[in-house]
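Structure first, then comments.
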Amino acid sequence: TSKLTNQKWVLKRRPDGVFCPTKDVILVEEDLEPSACAPDEVIVECSVLSVDAFIRTMLDAEAYHGSVDLGSTLPALGYGRVVYAGQASGHRVGALVSGLMGAQTHATVKASQAMRTIKFPFMTHTSSLGLMGLTTGLTAYTGIFYVCRRPRRKETVVVTGAAGAVGSIAAQ
-14 TSKLTNQKWV LKRRPDGVFC PTKDVILVEE DLEPSACAPD EVIVECSVLS
36 VDAFIRTMLD AEAYHGSVDL GSTLPALGYG RVVYAGQASG HRVGALVSGL
86 MGAQTHATVK ASQAMRTIKF PFMTHTSSLG LMGLTTGLTA YTGIFYVCRR
136 PRRKETVVVT GAAGAVGSIA AQ
């Protein structure tokens, strides 16, 4: 496999209040050499990325979800196709995978972090990532249908955490 060009958004400085894309991040281009990948890594050509609300909190020095180091790629959930698979990765070239890819065109990730995409039969891949994605919809769906129980006709369901993304999807 030949060299790949990756474009990625890198954290230049910690946001002071509201995120400012012209001051807080910079677009960096780099060459990726597939032969430099570890046997348990894959390179994914990212198709769709979702920058969820919790990611903003990761840009602060003291972050609940873990802090992004200055000079590191911005986190982003996404999916794409495997364009290179290490010998021990368990993935095949062409497979559609999802995970924490980062805000970039090509993500080099541990194979264990690249899972088969979760796609609901009645939704597009894009909706499965955003609306019904891991951090919002799938959490809401699991809470309503598996932690509680499926609502019955004429019942009222109260979602006490409806101020956030998960609660808003659960309420819907």
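Residues in the sequence shown are numbered from -14 upward in steps of one, following our numbering. Backbone N, C-alpha and C fix where the C-beta goes; we use that ideal spot for every residue, glycine too. As the structure is a computational prediction, the values presented were derived from the model and not from experiment.
Selected residue, minimal CA-CA separation from residue 37, among 127, 121 and 131 = Residue 121 is the option with its Cα nearest to residue 37.
query = How far does the alpha helix (DSSP H) with residue 123 in it reach, from first residue to last?
reply = Per DSSP, the unbroken alpha helix (DSSP H) holding residue 123 starts and ends at 122 to 127.
task = Can you tell me the Cβ-Cβ gap for residue -10 and residue 16, rounded? I've got them flagged as a contact below 8 Å.
result = The beta carbons of residue -10 and residue 16 sit about 6 Å from each other, so the pair counts as a contact at 8 Å.
ask   = Among the residues of its own chain, which have a CB less than 8 Å from the CB of residue 106, if the five just before and after it don't count?
value = The answer is none, since no qualifying residue turns up.
message = If the criterion is Cβ atoms closer than 9 Å, does the pair residue 33 and residue 111 meet it?
response = Closer than 9 Å, so yes.
request  = Use the C-beta contact count for residue 60: other C-beta atoms within 10 angstroms, 16 or more gives buried, fewer gives exposed.
outcome  = Buried.
key: C-beta atoms of residue 96 and residue 25 nearer than 9 Å   = Remark: C-beta atoms of residue 96 and residue 25 approach each other more closely than 9 Å.
task = Reducing DSSP to helix, strand and coil, say where residue 131 ends up.
result = Helix.
query = By a C-beta neighbour count over all protein chains shown, 10 Å radius and 16 as the cutoff for buried, is residue 117 buried or exposed?
reply = Residue 117 is buried by the Cβ-count criterion.
query = When the distance is taken between beta carbons, is residue 56 closer than 9 Å to residue -3?
reply = Taking the C-beta atoms as reference points, residue 56 is found nearer than 9 Å to residue -3.
query = residue 69 bridges to which residues according to DSSP?
reply = For residue 69, the pairing in a beta bridge is given by DSSP as 28.
ask   = Near residue 73, what residues of its chain come up, given a Cβ to Cβ distance below 7 Å and the 5 sequence neighbours on each side ignored?
value = Answer for residue 73: 24 and 25, listed in chain order.
inquiry  = Using only CA atoms, which one of -1, 133, -12 and 135 lies nearest to residue 45?
reply    = Checked all of -1, 133, -12 and 135; the closest Cα to residue 45 is -1.
ask   = From this set, 94, 64, 75 and 128, which residue's C-alpha is nearest residue 109's C-alpha?
value = Distance from the Cα of residue 109 is smallest, within the candidate group 94, 64, 75 and 128, for 64.
Enclosing beta strand (DSSP E) for residue 151 [first to last residue] = First-last for residue 151: 150 to 156, but that is the alpha helix (DSSP H), not the beta strand (DSSP E).
task = Step through the CB atoms of chain B and report whether any lies within less than 9 Å of the CB of residue -8.
result = No chain B is present in this structure, which holds just one protein chain.
Close beta carbons around residue 98, own chain, < 6 Å, minus the five adjacent residues each side = The beta carbon of residue 98 is closer than 6 Å to those of 84 in its chain, skipping five residues each way along the sequence.
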